[in-house]
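Residue numbers (our numbering): 2 to 344.
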């Protein structure tokens, strides 16, 4: 049982990720990289509970919190605090799955791994120093056969989810063979009573196609209205949406009068010009947004503000996803503003 883990992150579709850095990338030609590296990717592996020590006290106040984010989840949480209260649940297989497990073990993340006969997918990021652009190549995930799905779900119920659980995060897409029903089963297995209401984080909406694609179709030109639409349609008390460099919103329907908060984040090029010691350039590249959305998950207005600062800081680390310098995060936090009003 996961008795020592009060918080579980479910990253059911991980990827063994690598990057290749080119002086100049030309599609249709032979391209030889001059630098390369590896890291763990996939929804769930870069989880950030904002400031963990603060969040553990706040998180039990929530019932369900839906965030349209990505998953490099547990690494970011570990970055804040090497906590024994956090465990990562994943499905892995083959040599690439072993690579994922080893990299997470090396940084001290406790894992509960179901071993599938399939092979964990791999992702390759191509970085072009000349243009500062990047391209991601993602393999398809192996299919989870019905027999493994049933065994996996029974394993969750009997060996992973314990009565001590205070919160879970279900992150991102799932491999073929699983369905939204798997997420629903996980949620139903979380123990509840009159006095305990564990938090459930979901980075997509149950029973619609965005759980497969990782996308929710809506009007991103008006984030507050989109957040309200999601909250009303799916009966979710808190919704937080990020929109890349264009800021973020959080709406809270737990009170009689709903509250909306809008966030502005700094322009990172301007930030690096003023604080160049936080830059880690590769050629002409100074910013890597891959995994930034995955880094940001939160549970309250101020905690979400910290999560956005962490997401911005992760963009300054070019050779990893979901990793950030806490000093950079704290400096960026000074420039993340929030305005709150009644809806």
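C-beta atoms are modelled at their ideal positions from N, C-alpha and C, and glycine is treated no differently.
Here the structure is a predicted model, which is why all the values come from computation and not from measurement.
- Following the DSSP letters along the chain, one finds residue 95 inside the alpha helix (DSSP H) bounded by residues 95–107.
- Excluding its 5 nearest sequence neighbours in each direction, residue 186 has C-beta neighbours in its own chain below 7 Å: 154, listed in chain order.
- Residue 123 is bridged by DSSP to 17.
- Residue 31 counts as exposed, since fewer than 16 other C-beta atoms from the protein chains shown sit within 10 angstroms of its C-beta.
- Of all C-beta pairs linking the region 254–265 to the region 98–109, fewer than three are shorter than 8 Å, placing the two stretches out of contact.
- For the pair of segments examined, the region 126–135 was found not to touch the region 154–165: the number of CB pairs separated by less than 8 Å stays below three.
- The C-alpha of residue 34 is placed about 46 Å away from the C-alpha of residue 237.
- Of the residues assessed, residue 253 falls on the buried side of the cut-off, its CB having 16 or more other CB atoms within 10 angstroms.
- Of 337, 176, 180 and 157, the smallest CA-CA separation from residue 169 is found for 157.
- Just so you know, the alpha carbons of residue 137 and residue 29 end up roughly 16 Å apart.
- Burial check for residue 327: the Cβ neighbour count within 10 Å stays below 16, so the residue is exposed.
- One thing to note: residue 97 has its Cβ no nearer than 9 Å to the Cβ of residue 174.
- Rounded to whole angstroms, the gap between the alpha carbons of residue 90 and residue 116 is 11 Å.
- Residue 192 and residue 182 have their C-alpha atoms some 18 Å from each other.
- Between residue 145 and residue 177, the gap from beta carbon to beta carbon is short of 9 Å.
- Between the C-alpha atoms of residue 26 and residue 140 there is a straight-line separation of about 20 Å.
- As the crow flies, the alpha-carbon of residue 332 is around 50 Å from that of residue 148.
- For residue 178, no beta strand (DSSP E) encloses it, and the DSSP letter there is neither H nor E.
- Per DSSP, residue 319 lies in no beta strand (DSSP E) and is assigned neither H nor E.
- Straight-line spacing of the CA atoms in residue 95 and residue 282 works out to 34 Å.
- Counted as a single uninterrupted DSSP element, the alpha helix (DSSP H) harbouring residue 271 occupies residues 269–275.
- By the 16-neighbour rule on beta-carbons within 10 angstroms, residue 118 is exposed.
- Closest by C-alpha distance to residue 22, out of 223, 13, 123 and 134, is 134.
- Residue 274 counts as exposed, since fewer than 16 other beta carbons sit within 10 angstroms of its beta carbon.
- Of the candidates 258, 304 and 330, the residue whose Cα lies closest to the Cα of residue 315 is 330.
- A direct Cα-to-Cα measurement between residue 335 and residue 342 gives close to 21 Å.
- Only residues of its own chain outside the window of five on either side were considered, and among them 15, 17, 41, 93 and 121 have a CB closer than 7 Å to the CB of residue 101, listed in chain order.
- Looking from the CA of residue 338, the closest CA among 249, 123, 228 and 171 belongs to 249.
- Beta-bridge pairing by DSSP links residue 247 to no other residue.
- Bridge pairing for residue 30: absent [DSSP].
- Each of 184, 36 and 227 was checked against the Cα of residue 12, and the nearest Cα belongs to 184.
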